[in-house]
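Here the structure is laid out as structure tokens; the discussion comes afterwards.
In my numbering, the protein residues as written are 107 to 178.
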């Protein structure tokens, strides 16, 4: 993916939808929040997914443990 500008980001509190053209394909990116309150909506998004990118702040050891538990 090519990004032409940088953006400061914070926690995602809802599902944010973006579309990106990659060669002849239109790729839809869904940025779903990771808070315990947001996780209930994940199942609704699975049916459309062809892949998942799961991002974790690896500097925060507690978040790594939480991520393992969430993905188990």
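Note that beta-carbon positions come from the ideal geometry of N, C-alpha and C, so glycine has one too.
Selection 134, 156, 149 evaluated against residue 140 yields 149 as nearest (Cα-Cα). For residue 176, no beta strand (DSSP E) segment is defined; the enclosing uninterrupted segment is the alpha helix (DSSP H) at 167-177. Rounded to the nearest whole angstrom, the CA to CA distance from residue 174 to residue 145 is 14 Å. Our two residues, residue 134 and residue 143, have alpha carbons roughly 23 Å apart in a direct line.
Residue 118 and residue 163 have their C-alpha atoms some 14 Å from each other. Per DSSP, the unbroken alpha helix (DSSP H) holding residue 149 starts and ends at 148-152.
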